[in-house]
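Participant:
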Amino acid sequence: MNNPDPSKREKNRSRELLFKIISMSLPVLILLLLEGVLRLLSYGDNLDLFITNPKDGYEQYLIVNPNVGKKYFQEFEYDSPANDIFLKKKPEGTFRIFVMGSSTVKGFPFGYNLMFSRILHKRLEDTYPDKHIEVVNTAITAINSFTLLDYAGEIIKYDPDAILLYAGHNEFYGAFGVGSNERMSRNRELTRFHLFLMDLRFYQLIRNITNSTIRKIGSGKSEQVHGTLMKRIVANKNIPYDSDDYMVAMKRYKQNMGDLIKKFNDKKVPVFFSEVISNVKDIKPLSYLSTGSGDEAWNAYVRAEDACENADYGLARQFYYEAKDMDGVRFRASEDLNQIILELARKYETYYVPMLDYFQARSPHNIIGNSLVTEHVHPNIDGSFLMADAFYSEILKSGILGEADENQYYPPEYYKINWGYTALDSLIAHHRIANLTNNWPFVPVDAGYADYRSAYHPGSKPDSIAFTAFKDPEQFLDDLRLELAKEYEAKGNHYAAYQEYEAMLRTNPYLAVNYRDAASSLINLGDLPLALKYYKKSLEYEQSFFASYRMGEIYLIKGDYIDAIKSFEEAFKTTSQYDEQIKALGKVYVSSMYGNQEDHALATAQQLQKYNATQYLKVPPKRYTYDQYIPYKTRDHINAARQMISEGKLPEALSTLEGSLKIYDSHMAHRYLGETCMKMGNHRKALYHLNRVYGEFSFDPEFLASLVLLNISLNEFQQAAYILNELKRIDPDFKSIATLTQLLSQVQRAN
């Protein structure tokens, strides 16, 4: 018998191994080829969390992908995320915050202007004026911890400096929740694998074919469910406390949020993890509202109401929370979930945000109800500002942004008074809530479909505008708001117009025209400092003749002729219109003459002659009028204080001016406070107020002279000398220069 050739056996083994490798690799290669072809054919969707901003001129910015919801919703519609943008290339010194959550974080039932993240952004910018702060809200409605965990990996790619988390109410009924119609599997790992595959086009193709087939097979077999997403997304309308589904949801939340926090911890990114709050007092158990029959939750709620009647508020609070936790219709997170948040915060040493403490402390008898919440979980306007304050306070305590500027701290009430929102925001929120609460689970499941959009009839023009924006997704509230603002302007109601423009600005703070419109109204209202700030901000997003020209005019009024020249020259470069060019050159010439820039004035005059525009060579008399512009919001207070000062009622004037600062931090109020304190002999306090507004009046000789005297009186000789030199530079012929120079010299010798 011949022995097989060993070399042949080895060759056969090699062939078999190669065949196995090819056989195993072939499906992968086919899938990769299919993926490449589908991408070349632009099939499917880019489901990245962030994409390049498609708006012309904004290519350097990223936005949250408007279509990212397709990844998580296949049965129901999804909404778009908010409109925050951030730079692709993160500038040095930038502090970048990502905010994660769902409808509460997105600001429902209000617009983007009342998202707590937007309020927080402004507060942080004010408190840290030297830092460039980005706040990116990534929330979409009806997502839960599966989506947030999926987001985390993509957020990490963009160098976050902090993460803010507020999530938990959607753990049962949000996408992939145990009681949701928008679910994939009870197996957590299979759900996560599905989300991983959803970024691949061939998997999207398979899903689309499967869904299409299922819909065709199932068409006509079941009655279509009408109503809100809240109604349609629910598969299991009763999830008892401690049931299997309940425990699975709690376990998933703990696993998902734990993994999410660990991802950020591994990259040393601070996480601020907040408790979630619910309306426990003024919302009856949804299980009772949706069935009309009593249960354990209803019995606890009745006991809570009885305890309230007897003024035993501690016991009432206990029963209200028991009623909420026993409520089998689980749109409100249980306190078990808040306990998980606390445990995870401790385990991973994250920053814990005790949101319940903030809300309870500002609720009657420490029981959260309609005073801060619109329906079951979404904060009202006061609640939105309170949420912002909670995160703001915890961020300040953490010290991660460095030392705060105490002069730039304002309480939450101050922001609420000055924020950009109007009656339109309250009206549209009213319609959204009414539509929501006209449907299950706020009414019995068999109550039928209540079409609020057809039944309601607006009672006023603002209500009609709000209702139109509510019922028609194609109608943007900002477009309707703009029409209303223009109407107010035409009637001379500049403050009402400004309020609408300010609301538009807070709704979309990345649009140059919103800043320009608001600034134009502010000029009419006498608030030149804020108008100047808004014109400057508009130039970050779009170069504009109008903004640069208006900035030049404000600088001219301030007496800042160097910056006026720069702004008018920038306006000249921005436009190709002859009329605008000669108008800008004319202002350059006037500014140069006022600022004693003779060579510059001569060169500009020659340009004007070339343009045949010598009429612009006439220079009106120079007058300082900046101190005559008093912002509208505190004009009455300041005029009243001026009258008191003229009557010698200095303490009353002081009180009136200090009261005005609680309404609006006006440069004119600080100036009058400083001058009043000087008259009362309180020089240290006077210096504080005048220093606060030095940048506003640094070209006013009278103001500078007062500062020189104040610094001399407080033995601040170096500062007095510096300001005196500024006075000599600004107005060499000012009447008090010789006297102040002599006085400073005398006291310096004496000391």
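Quick note: this note's numbering has the sequence shown finishing at residue 731, numbered continuously throughout.
Backbone N, C-alpha and C fix where the C-beta goes; we use that ideal spot for every residue, glycine too.
1) When burial is assigned at 16 or more other CB atoms within 10 Å of the CB, is asparagine 191 buried or exposed?
2) Considering Cα atoms alone, identify which of Pro611, Ile120 and Ile375 is closest to leucine 510.
3) So histidine 356 and threonine 84 are supposed to be a Cβ contact under 8 angstroms. How far apart are they, rounded?
4) Suppose the cutoff is 7 angstroms on Cβ atoms and the five residues either side in sequence are ignored; what does the same chain contact list for glutamate 315 look like?
5) On the three-state DSSP scale, how would you describe threonine 127?
6) Which one or two residues does DSSP pair with alanine 142 in a beta bridge?
7) Taking the straight line between their C-alpha atoms, what separation do you get for threonine 448 and alanine 325?
8) With DSSP collapsed to three states, give me the class of proline 334.
9) How many Å lie between serine 626 and proline 140 at the Cα?
10) What's the C-alpha gap between glutamate 469 and leucine 508?
11) Measure the beta-carbon distance from tyrosine 338 to alanine 370 and round it to whole angstroms, keeping in mind my assumption that it falls under 8 angstroms.
12) Verify whether the separation of the beta carbon atoms of phenylalanine 548 and tyrosine 604 is less than 9 angstroms.
13) Can you list, in chain order, the residues of its chain with a C-beta nearer than 7 angstroms to that of leucine 641? Leave out the 5 residues immediately preceding and following it.
14) Whose CA, out of Pro392, Ile186, Leu690 and Leu687, lies closest to the CA of arginine 103?
15) Within 10 Å of its beta-carbon, does aspartate 452 have 16 or more other beta-carbons around it, so buried, or fewer, so exposed?
16) Relative to the alpha-carbon of aspartate 385, which residue among Ala476, His437 and Lys111 has its alpha-carbon at the smallest distance?
17) Excluding the five sequence neighbours on either side, which residues of its own chain have a C-beta within less than 8 angstroms of the C-beta of tyrosine 281, listed in chain order?
18) Do valine 44 and leucine 27 come within 9 angstroms of each other at the CB atom, strictly closer than that value?
19) Between tyrosine 541 and serine 571, what straight-line distance do the alpha-carbon atoms span, to the nearest angstrom?
20) Would you list the residues sitting across from asparagine 117 in a DSSP beta bridge?
21) State the beta-bridge partners of threonine 819 as determined by DSSP.
22) Mapping the DSSP letters down to three states, classify proline 712 as helix, strand or coil.
23) Just verifying my parser: in three-state terms, what is the DSSP assignment at isoleucine 65?
24) What are the boundary residues of the beta strand (DSSP E) that includes serine 254?
25) Flag asparagine 33 as yes when its Cβ comes closer than 8 angstroms to any non-hydrogen atom of the ligand GDP, and as no otherwise.
26) Under 9 angstroms between the Cβ atoms of valine 249 and alanine 147?
27) Does the beta carbon of tyrosine 52 come closer than 9 angstroms to any beta carbon on chain D?
28) With DSSP as the reference, please indicate the residues paired to valine 353 in a beta bridge.
29) Glutamate 560: which of Leu588, Ala581 and Lys538 sits nearest, CA to CA?
30) Label leucine 175 either buried or exposed according to how many other C-beta atoms from any shown protein chain fall within 10 Å of its C-beta, with 16 as the threshold for buried.
31) Taking one C-beta from the segment 155 to 174 and one from the segment 340 to 348 each time, how about it: are there three or more such pairs within less than 8 angstroms?
32) Helix, strand or coil: how does DSSP classify serine 373 here?
33) Report back the beta-carbon spacing between serine 270 and valine 309 to the nearest angstrom; my notes put them in contact at under 8 angstroms.
34) With a cut-off of 8 angstroms on the beta carbons, I'd call leucine 670 and serine 686 a contact; round off their distance for me.
35) Where does serine 60 sit, in a helix, a strand or coil, going by DSSP?
36) Can you give the Cα-Cα distance for phenylalanine 90 and asparagine 63, rounded to whole angstroms?
Facilitator: The relevant details are as follows:
1) exposed
2) Pro611
3) Contact doesn't hold; Cβ gap of about 11 angstroms is too wide.
4) Tyr301 and Asp305
5) helix
6) Ile77
7) 44 angstroms
8) coil
9) 55 angstroms
10) 18 angstroms
11) 4 angstroms
12) no
13) Ala649
14) Pro392
15) exposed
16) Lys111
17) Lys264, Pro265, Tyr268, Phe299, Tyr300 and Ala303
18) no
19) 5 angstroms
20) Val79
21) Residue 819 lies beyond the stretch modelled for the chain, which goes from -19 to 731, so this question has no answer here.
22) coil
23) strand
24) 251 to 254
25) Here there are no bound small molecules, and the ligand GDP is not part of this structure.
26) no
27) Absent here is chain D; the protein component of the structure consists of one chain.
28) Pro359
29) Leu588
30) buried
31) no
32) helix
33) 6 angstroms
34) 7 angstroms
35) coil
36) 14 angstroms
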